[in-house]
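**Student:** Please find one structure pasted underneath; my questions will follow.
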Amino acid sequence: MQKKVFKAENGLKGTVVIPSDKSISHRAVIFASIAKGKSVIKNFSKGQDPISSLNICKALGADIELNNDLIVKSSGIFNKPKKALDCGNSGTTMRLMAGVLAGQGFESELIGDQSLSKRPMKRIIEPLAMMGADINSFDYHAPLKIKGRRLCGVEYNSKLASAQVKSCILLAGLYADGITSFTEPYLSRNHSEIMLKYMGADVTSSHNTVMIKKSKLSPCEIEIPGDISSAAYFIVSALITPKSDLIIKNVGLNPTRTGIIDVVKSMGGDIEILDERESSGEKIGDIRVKYSKLKACTIEKDLIPRLIDELPVIAVLATQAAGKTVVKDAQDLRNKESDRIKTIVNELSKLGADISETEDGFIVNGKKNLNGGCELETYHDHRLAMSFFVAALICCNPVLIKGFEWVGISFPEFEKIFKSLL
Ligand code: S3P
41 MQKKVFKAEN GLKGTVVIPS DKSISHRAVI FASIAKGKSV IKNFSKGQDP ISSLNICKAL
101 GADIELNNDL IVKSSGIFNK PKKALDCGNS GTTMRLMAGV LAGQGFESEL IGDQSLSKRP
161 MKRIIEPLAM MGADINSFDY HAPLKIKGRR LCGVEYNSKL ASAQVKSCIL LAGLYADGIT
221 SFTEPYLSRN HSEIMLKYMG ADVTSSHNTV MIKKSKLSPC EIEIPGDISS AAYFIVSALI
281 TPKSDLIIKN VGLNPTRTGI IDVVKSMGGD IEILDERESS GEKIGDIRVK YSKLKACTIE
341 KDLIPRLIDE LPVIAVLATQ AAGKTVVKDA QDLRNKESDR IKTIVNELSK LGADISETED
401 GFIVNGKKNL NGGCELETYH DHRLAMSFFV AALICCNPVL IKGFEWVGIS FPEFEKIFKS
461 LL
């Protein structure tokens, strides 16, 4: 689907309620399916990725109904699936489910779409193999053929800060004998640790290390906050589009995810957090953001995992910040739904941005007027589709975004909500 996007002459104004967090939705349906009993999950995401996790949990025997709430009833025991389990475009589904399936008493296969089949799985296969897992792959890529085995705990030191790898190992650790520990160079999002604890697992965290012992999970009632990664598109749009003044309600504010707010503040953006509260162990709040004069900054080190999914839209933000914005230590952006370093640089350059690729990030010279008047590719990548929509709002000429349907992966309501604010 192609989408022609025009300049937003009057800015974005009003109040918006952001839909459910994708990362937490995956975990909620997977963990509830592991727990014996009935769980109630409020505000489950309608994105295609969490639905892939839901369908796999169903294929493994959980009784799941999605109406207003998601109701999961499970015997706490998974059954051998009748066919290969399809993760679609979702890396989170594949990596988390590999951890679950490695310790089951049956064989299974995880498959994915073209983009997911190109993404690296060595990062989970290696530590799972150390725990005794038997996983067959095509040169460390999907499809993954998993022969469930008895696992034992390991002390794993990851070179990568990755919540998907960490969650995979924690889930395998739920079924493994002894203690499983995972250490990462910087702290990645900790939704798994929070929810596992909330559901009664024996899990403890200290700095960048988390430890888990074999545990049974108890069913639970969870309310999922709005996704800060989805809120990011509104935050950036308001900051760069003159006359904007937005309130974004019900946003998850877990400190492992709020890197974008830190960046906006260091760029001098007018952003404030209102009514901070807690729900199911996660911090949430409302965000007020206005059009601002911005200055460049450097984004690196431990900030990277705290805003990894926001980097495409932060690149758009940087085009409107005076000076040189440098993003480094973000090599793993090349392993997302597309090689996001290459794809962001290619496409934003077409709009007239001064942006260049480095090995582990990109450099943007702002502030530049964006011309637009061209076609952009989205490379099967939902975050690119939404970031380019935001960029088009400030382009002098309309922009045609190809493959816009990919937004449905994480944020099917994206365009409808946007239009209500313009
Ligand atoms: C996610 C973790 C991140 C992020 C992805 C979702 C998660 O991936 O990019 O969109 O839900 O655990 P990595 O763990 O590979 O950095």
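First residue of the sequence shown: 41, per the working numbering; consecutive thereafter. Ideal placement from N, C-alpha and C gives every residue a C-beta, glycine not left out.
(1) Going by other Cβ atoms of all chains shown within 10 Å of its Cβ, with 16 needed for buried, is methionine 41 buried or exposed?
(2) To which residues does DSSP link methionine 251 through a beta bridge?
(3) Starting from alanine 272, follow the alpha helix (DSSP H) in both directions and report where the run begins and ends.
(4) Does the Cβ of arginine 229 lie closer than 7 Å to at least one heavy atom of ligand 1?
(5) Does the stretch 351-367 come within contact of the stretch 398-418, defined as at least 3 CB pairs closer than 8 Å?
(6) Helix, strand or coil: which one does DSSP assign to histidine 420?
(7) If I'm right that valine 430 touches lysine 289 with Cβ under 8 Å, what's the distance once you round it to whole angstroms?
(8) Let me confirm a value: isoleucine 164 is counted as buried when at least 16 other C-beta atoms fall within 10 Å, else exposed. Which label applies?
(9) If you follow the alpha helix (DSSP H) that phenylalanine 454 is part of, which residue opens it and which one closes it?
(10) Is it the case that the Cβ atoms of isoleucine 311 and isoleucine 268 are separated by a distance below 8 Å?
(11) Can the beta-carbon of aspartate 369 be found closer than 8 Å to that of arginine 423?
(12) Tell me whether glycine 54 is buried or exposed, calling it buried when 16 or more other Cβ atoms sit within 10 Å of its Cβ.
(13) Does alanine 99 come out as helix, strand or coil in the three-state DSSP assignment?
(14) Whole angstroms is fine: what's the gap from serine 320's alpha carbon to isoleucine 74's?
(15) Ligand 1 and valine 205: does the residue's C-beta get closer than 7 Å to at least one heavy atom of that ligand?
(16) For valine 304, I'd like the list of residues in its chain whose CB is within less than 7 Å of its CB, leaving aside the five on either flank, ordered along the chain.
(17) On the DSSP bridge assignment, give the partners of threonine 398 in chain order.
(18) Asparagine 176 lies in the beta strand (DSSP E); which residues open and close that run?
(19) On the three-pair Cβ rule with 8 Å, is the stretch 376-387 touching the stretch 324-333?
(20) Can you name the start and end residues of the alpha helix (DSSP H) that asparagine 197 belongs to?
(21) When you measure from the CB of aspartate 349 to every non-hydrogen atom of ligand 1, does any distance come out below 7 Å?
(22) Measure the C-alpha to C-alpha separation of serine 85 and isoleucine 264 and round it to an integer number of angstroms.
(23) Taking the C-alpha atoms as reference points, what is the distance between isoleucine 339 and isoleucine 81?
(24) Is cysteine 127 closer than 8 Å to leucine 150 when the C-beta atoms are compared?
(25) Using the DSSP secondary-structure output, state which residues sit across from serine 93 in a beta bridge.
(26) In three-state terms, what does DSSP make of proline 345?
(27) Which parts of the stretch 285-309 are runs of the beta strand (DSSP E), unbroken and 3 residues or longer, counting only runs that do not cross its ends?
(28) Roughly how many angstroms lie between the CA atoms of alanine 203 and isoleucine 395, to the nearest whole one?
(29) For threonine 132, which three-state DSSP category applies?
(30) Return the CA-CA distance between glutamate 261 and leucine 391, expressed in angstroms with no decimal places.
(31) For histidine 181, is the beta carbon positioned less than 7 Å from some heavy atom of ligand 1?
(32) Got a sec: does ligand 1 put a non-hydrogen atom nearer than 7 Å to the Cβ of histidine 66?
(33) Between the Cα of isoleucine 209 and those of Val291, Lys162, Gly116, spot the shortest distance and give me the residue it belongs to.
(34) At which residues does the alpha helix (DSSP H) containing alanine 355 begin and terminate?
(35) On the criterion of 16 or more Cβ atoms from any shown chain inside 10 Å, does leucine 71 qualify as buried, or is it exposed?
(36) Considering only the alpha carbon of each residue, which of Asp372, Pro438, Gln144 lies closest to lysine 47?
**Tutor:** According to the structure data:
(1) Walking along the sequence shown from the start, residue 41 turns up at place 1. The residue is exposed, with fewer than 16 neighbouring Cβ atoms inside 10 Å.
(2) Start at 1 with the first residue of the sequence shown, and residue 251 comes out as number 211. The partner list for methionine 251 (beta bridge, DSSP) reads Ser221, Thr244.
(3) Taking the first residue of the sequence shown as position 1, residue 272 is located at position 232. Segment 268-280, the alpha helix (DSSP H) holding alanine 272.
(4) Counting from one through the sequence shown, the residue named residue 229 turns up at place 189. It does: the Cβ of arginine 229 is within 7 Å (strictly closer) of some heavy atom of ligand 1.
(5) yes
(6) Walking along the sequence shown from the start, residue 420 turns up at place 380. DSSP places histidine 420 in coil when its eight states are reduced to three.
(7) The residue labelled residue 430 in the question sits at position 390 within the sequence shown. The residue labelled residue 289 in the question sits at position 249 within the sequence shown. That belief does not hold up - the Cβ atoms of valine 430 and lysine 289 are roughly 19 Å apart, past 8 Å.
(8) In the sequence shown, the residue the question calls residue 164 occupies position 124. Buried is the call here.
(9) Position 414 of the sequence shown holds residue 454. That run of the alpha helix (DSSP H) goes 454-459.
(10) In the sequence shown, counting from the first residue as 1, residue 311 sits at position 271. In the sequence shown, counting from the first residue as 1, residue 268 sits at position 228. No, the Cβ-Cβ distance between isoleucine 311 and isoleucine 268 is not below 8 Å.
(11) Along the sequence shown, read from residue 1 onward, the residue named residue 369 stands at position 329. Along the sequence shown, read from residue 1 onward, the residue named residue 423 stands at position 383. Their beta carbons are not under 8 Å apart, which means aspartate 369 does not touch arginine 423 by this criterion.
(12) If you number the sequence shown from 1, residue 54 lands on position 14. Exposed, since its Cβ has fewer than 16 Cβ neighbours within 10 Å.
(13) The residue given as residue 99 occupies position 59 in the sequence shown. Helix, per DSSP.
(14) Mapped onto the sequence shown, residue 320 falls at position 280. Mapped onto the sequence shown, residue 74 falls at position 34. Isoleucine 74 has its alpha-carbon roughly 18 Å from the corresponding atom of serine 320.
(15) On the sequence shown, residue 205 is found 165 positions in, with the first residue counted as 1. Indeed, a heavy atom of ligand 1 lies less than 7 Å from the Cβ.
(16) As a working mapping, residue 304 is identified with position 264 in the sequence shown. Excluding sequence neighbours, valine 304 sits near Ile275, Leu279, Ile311.
(17) As a working note, residue 398 is residue 358 in the sequence shown. Per DSSP, Gly401.
(18) Counted from its first residue, the sequence shown places residue 176 at position 136. Element bounds for asparagine 176: 174-178.
(19) By the Cβ rule, the stretch 376-387 does not count as touching the stretch 324-333, because fewer than three pairs are nearer than 8 Å.
(20) Start at 1 with the first residue of the sequence shown, and residue 197 comes out as number 157. Unbroken run through asparagine 197 is the beta strand (DSSP E), 195-197; no alpha helix (DSSP H).
(21) The sequence position of residue 349 within the sequence shown is 309, counting from 1. Aspartate 349: yes, Cβ under 7 Å from ligand 1.
(22) One-based indexing of the sequence shown puts residue 85 at position 45. One-based indexing of the sequence shown puts residue 264 at position 224. Cα to Cα, the separation comes out at about 8 Å.
(23) As a working mapping, residue 339 is identified with position 299 in the sequence shown. As a working mapping, residue 81 is identified with position 41 in the sequence shown. Those two C-alpha atoms are separated by around 35 Å.
(24) Position 110 of the sequence shown holds residue 150. Position 87 of the sequence shown holds residue 127. It is a contact, given that the beta carbons lie within the stated cut-off.
(25) For the purposes of this step, residue 93 is identified with residue 53 of the sequence shown, where counting begins at 1. In the DSSP output, where bridge partners are listed per residue, serine 93 has none listed.
(26) Along the sequence shown, read from residue 1 onward, the residue named residue 345 stands at position 305. Proline 345: helix per DSSP, three-state reduction.
(27) 285-292
(28) Here residue 203 refers to the residue found at position 163 when the sequence shown is read from its first residue. Here residue 395 refers to the residue found at position 355 when the sequence shown is read from its first residue. Straight-line Cα distance between these residues: approximately 28 Å.
(29) Residue mapping note: residue 132 aligns to position 92 of the sequence shown, counting from 1. Correct three-state label for threonine 132: helix.
(30) Position 221 of the sequence shown, counting from 1, holds the residue named residue 261. Position 351 of the sequence shown, counting from 1, holds the residue named residue 391. Those two C-alpha atoms are separated by around 46 Å.
(31) Locating residue 181 in the sequence shown gives position 141, counting from the first residue. Histidine 181 Cβ: outside cutoff for every heavy atom of ligand 1.
(32) Position 26 of the sequence shown holds residue 66. Flag set: Cβ of histidine 66 near ligand 1.
(33) Residue 209 sits at position 169 when you count from the first residue of the sequence shown. The option with the nearest alpha carbon to isoleucine 209 is Lys162.
(34) Working through the sequence shown from its first residue, we reach residue 355 at position 315. Alanine 355 -> alpha helix (DSSP H) spans 351-358.
(35) Translated into positions along the sequence shown, residue 71 becomes position 31. The displayed chain sequence assigns phenylalanine, not leucine, to residue 71. It is buried - the Cβ of phenylalanine 71 has at least 16 other Cβ atoms within 10 Å.
(36) Here residue 47 refers to the residue found at position 7 when the sequence shown is read from its first residue. Checking every option, the nearest Cα to that of lysine 47 belongs to Pro438.
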